[in-house]
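To start, the structure under review is shown below, and the notes come after it.
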Amino acid sequence: MSEPYDKEKSKKNASRLKEIILTLRKYHLHRGFTPQKLYGILEDLGPTYVKIGQILSMRQDMLPKAYCDELTKLRSNVKPLDFQEICAVLDEEYGCSYKEKFAQIDEKPLGSASIAQVHSATLINGQQVVIKVQRPNIYETMSKDITILKRAISMVKMVSSIGNVMDLKAVIDEIWNTAKEEMDFLLEAKHMDRFAELNSGISYITYPKVYHDLTTKHVLVMERIHGIPVDKVDKLKELGYDMNEIGQKLAENFVKQILDDAFFHADPHPGNIWIMDGKIAWLDFGMMGKLTGRDKELFRSAVTAIVNNDIYQLKNVFLTLGTAKQPIDHALLYTDVDEMVSRYGNLELGNMNLGVVFQEFMHVANKHHILLPQSVTMLGRGVMTIEGVLRFCAPDINLLQILATHMSNEFFRNLDWNKELKRTGKGIYTILNKVAVIPSQLSDLIQMTVKGQTKVNLDISGSEAPLKRIDSMVNRIIATVIIMSLIIGSSLLCLTEIRPMVGDIPLLAMLGYILAGVIGGILVFFMIRKKKK
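Going by my numbering, 1455 is the number at position 206 of the sequence shown; the sequence numbering is gapless.
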């Protein structure tokens, strides 16, 4: 059943639509759509659009870097709500007077943003807390603005100038999905619980406790953290803190969040990272990133490809990770990836900036109309932000170096030797089945050649040298097959407990390894000797 016609609501929507269209016309979009114009439009349209701009600033795969950089300047410091409005929201959420839950609430807010306002308070039991109160009707307001924005885009003839800059439908849908998550405070409370569970065993990490009995979809109550923002370097040094130690621990914890937990803080700016009693306190869990197992593996592959100058691997990461919105020009993509790898691949890890690499990665994706998953773009934004914090607080700490060390340690920590031996054994066995027939095939080929039963492009007139070289090659292959067989057999024996044993290795396996080494040594000796002749 369709919704009844609401004349007043329709009138308000028409008024807001007119305001948006006039704002768009004010910036003369037919003369070009610049980053500065986008910034001005969003700022003029108010808090909802400021939030839209903040979300857009994280999507360099949707918008060119120049636009994203301009939008990072947007601030969401909006006029605070009257304290009585805050009280009304609390009373409505709790179904009773807020005074039954709180002994006192500071009327002056700690902060006021487009979605919520934050106040310090004291519970009945004397515990100091922070209350995050959602602005009244913000969900409905933003939903209406998103709907109107879609209509405005279709009505104002500007698609031709903006269409080359971004995928409008994808942008708007992405904005709305992200904003809805940020407006669900019950989801943020779950984020805080999960973060606490994943980091509970780390002595130098802390976080605020959630008061679930006082938290609703529109009100979040948490423990108040008293500390110093991580960028207050002079103050922290006065208190005796070692900034390099703080930077090292901060980077290690962020890398752990990415690679081990696949659940990371996506907005790690200094205001959300405080130092309290020698610990790093993480705050504000409204924007958290989640990586699938596939995302993690592709992220590792991308880092490895850049470090190893592997153009093909990095190109495959692009094609596997993203969704192509247009047919891919593979030759051009290969060229762009080659340039990217050449630019960063020859640098030492300590001189590489992972955030800059991420920016380049997203720039290439945008150029080739490859839309990346939201989780990956959030990771890119998080990495760039945390690197900015490290550059300011502890410039000697390199995030990529810590990431590479963690990946290396993780590989050896998770290595199951029995599993690897069996897998390797199966692989070598398959290869041996193919290699084993090579000597007989070569022998047949030689016999057929000698008897004149086949034609080959091989000039052997006046010399037996070519046949001798082939014969020598066959002998080497046979020796190699024997060595591989001894190694495989010995490795399989290591999985048994056949006695006698030498340490934890069966004697037969040990002899097999020794024999393989001897044959290999003899083979190398004769190869070197032959080269000297």
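Every residue gets a Cβ at the ideal spot worked out from N, C-alpha and C, and that includes glycine.
Practice problem: With DSSP as the reference, please indicate the residues paired to W1523 in a beta bridge. | Solution: DSSP lists P1478, A1530 as partners of W1523.
Self-check item: Where P1264 falls, given that 16 or more other Cβ within 10 Å makes a residue buried
Solution: One detail in the question is off: residue 1264 reads as Ser in this sequence, not Pro. Residue environment: S1264 is assigned as exposed (fewer than 16 neighbouring CB atoms within 10 Å of its CB, all protein chains considered).
Quiz item: Given a threshold of 16 other Cβ atoms within 10 Å of its Cβ, counted over all protein chains shown, does T1541 qualify as buried or as exposed?
Solution: With a threshold of 16 other beta carbon atoms within 10 Å, T1541 falls short and is exposed.
Exercise. With DSSP as the reference, label L1488 as helix, strand or coil.
Key: Coil, per DSSP.
Quiz item: Could you give the uninterrupted runs of the alpha helix (DSSP H) lying entirely in the stretch 1597-1669, keeping only those of 4 residues or more?
Solution: Runs of the alpha helix (DSSP H) lying entirely within the stretch 1597-1669 and spanning at least 4 residues, in chain order: 1603-1616, 1623-1642, 1648-1662.
Quiz prompt | Span of the beta strand (DSSP E), counted from its first residue to its last, around K1381 | solution = According to the DSSP assignment, K1381 belongs to the beta strand (DSSP E) that extends over 1377-1383.
Quiz item: Excluding sequence positions up to five away, which residues of its chain have a Cβ less than 7 Å from the Cβ of G1535?
Solution: Listed in chain order, the non-local C-beta contacts of G1535 below 7 Å within the same chain comprise E1431, E1437, local neighbours out to five positions each way being set aside.
Exercise. With a threshold of 16 other CB atoms inside 10 Å of the CB of C1345, please say whether the residue is buried or exposed.
Key: With fewer than 16 other Cβ atoms within 10 Å, it is exposed.
Practice problem: Measure the CB-CB distance between A1445 and Y1456 and report whether it falls below 9 Å. | Solution: At the C-beta level, A1445 and Y1456 come within 9 Å of one another.
Quiz prompt | Nearest candidate by alpha-carbon position, reference H1655, set D1509, V1632, L1582, K1574 | solution = Minimum Cα distance to H1655 is reached at D1509.
Quiz item: What is the C-beta distance between A1643 and G1496, in whole angstroms, given that I count them as a contact (C-beta under 8 Å)?
Solution: Sure, about 2 Å apart at Cβ, within 8 Å.
Quiz item: Helix, strand or coil: how does DSSP classify M1733 here?
Solution: Helix.
Practice problem: Please classify F1282: does DSSP put it in a helix, a strand, or coil? | Solution: Of the three classes helix, strand and coil, the one that applies to F1282 here is coil, per DSSP.
Self-check item: Presumed contact (8 Å Cβ cut-off) between G1504 and M1492, rounded CB distance
Solution: Gly is not the amino acid found at residue 1504; the sequence shown has Val there. The pair is not a contact, with the Cβ atoms about 18 Å apart (cut-off 8 Å).
Self-check item: Candidates A1580, L1581, I1507, G1520, of which the one nearest M1627 by Cα
Solution: Nearest of A1580, L1581, I1507, G1520 to M1627, Cα basis: I1507.
Quiz item: Based on the DSSP secondary-structure assignment, which residues constitute the bridge partners of P1755?
Solution: Per DSSP, M1750.
Practice problem: With a cut-off of 8 Å on the beta carbons, I'd call R1473 and V1379 a contact; round off their distance for me. | Solution: Between the beta-carbon of R1473 and that of V1379 there is about 5 Å, and that keeps the pair under the 8 Å contact cut.
Quiz item: Where does the unbroken alpha helix (DSSP H) through T1371 begin, and where does it stop?
Solution: The continuous stretches of alpha helix (DSSP H) do not include T1371, which lies in the beta strand (DSSP E) extending over residues 1365-1372.
Self-check item: Cut-off 7 Å between Cβ atoms - residues of its own chain near Y1593, not counting five sequence neighbours on either side
Solution: Result list for Y1593: I1555, M1601, V1606, in chain order.
Quiz item: How would you write the range of the beta strand (DSSP E) that G1295 sits in, first residue to last?
Solution: It is not in any beta strand (DSSP E) - G1295 carries neither H nor E in the DSSP assignment.
Exercise. Decide if K1406 is buried, meaning its Cβ has at least 16 other Cβ atoms within 10 Å, or exposed.
Key: Confidence is the limiting factor: at K1406 the pLDDT is only 46, short of 50, which leaves the residue's position unreliable, though a coordinate-based value still follows. Exposed, by the Cβ-count rule.
Exercise. Using the DSSP secondary-structure output, state which residues sit across from V1459 in a beta bridge.
Key: According to DSSP, V1459 bridges with M1471.
Quiz item: Nearest-angstrom Cα distance between G1239 and I1354?
Solution: Because residue 1239 is not part of the residues shown, which for the chain are 1250 to 1782, the question remains open.
Practice problem: Check whether the stretch 1757-1777 touches the stretch 1725-1740, counting contact only when three or more Cβ pairs, one atom from each stretch, lie closer than 8 Å. | Solution: Enough Cβ pairs lie closer than 8 Å, so yes.
Self-check item: Among A1500, A1530, I1529, nearest to I1635 - alpha-carbon criterion
Solution: Among A1500, A1530, I1529, the Cα nearest to that of I1635 is on A1500.
Quiz item: Given L1469, which residues of its chain have a CB within under 7 Å of its CB, disregarding the five upstream and five downstream residues?
Solution: These residues qualify, in order along the chain: K1381, F1434, E1437, A1438.
Quiz item: In its own chain, which residues sit with a C-beta less than 6 Å from the C-beta of Q1573, not counting the 5 before and 5 after it?
Solution: Residue identity check: residue 1573 is Ala in the sequence provided, not Gln. Excluding sequence neighbours, A1573 sits near I1619.
Practice problem: State buried or exposed for K1350, treating a residue as buried only when at least 16 other CB atoms are found within 10 Å of its CB. | Solution: K1350 should be labelled buried.
Quiz item: Going straight from the alpha carbon of A1315 to that of S1624, what length do you get?
Solution: In a straight line, the C-alpha of A1315 is about 22 Å away from that of S1624.
Quiz item: Can you name the residues that DSSP bridges to M1432?
Solution: Looking at the DSSP assignment, M1432 forms no beta bridge with any residue, so it has no partner.
Self-check item: Nearest to N1212 (by Cα), restricted to the options I1747, I1771, M1750
Solution: With the chain represented from 1250 up to 1782, any question about residue 1212 goes unanswered, as that position is not in the structure.
Exercise. Could you please give me the residues that DSSP links to A1573 through a beta bridge?
Key: In DSSP, A1573 forms a bridge with I1619.
Practice problem: Return helix, strand or coil for A1515, following the three-state DSSP convention. | Solution: Here A1515 sits in coil by DSSP.
Quiz item: Is E1334 near L1294, with beta carbons less than 9 Å apart?
Solution: Contact: no.
Quiz item: Pick from I1395, T1553, D1578: whose alpha carbon is nearest that of A1653?
Solution: The option with the nearest alpha carbon to A1653 is T1553.
Quiz item: Can you tell me the Cα-Cα spacing of L1287 and L1273, whole angstroms?
Solution: Rounded to whole angstroms, L1287 to L1273 spans 9 Å at the Cα level.
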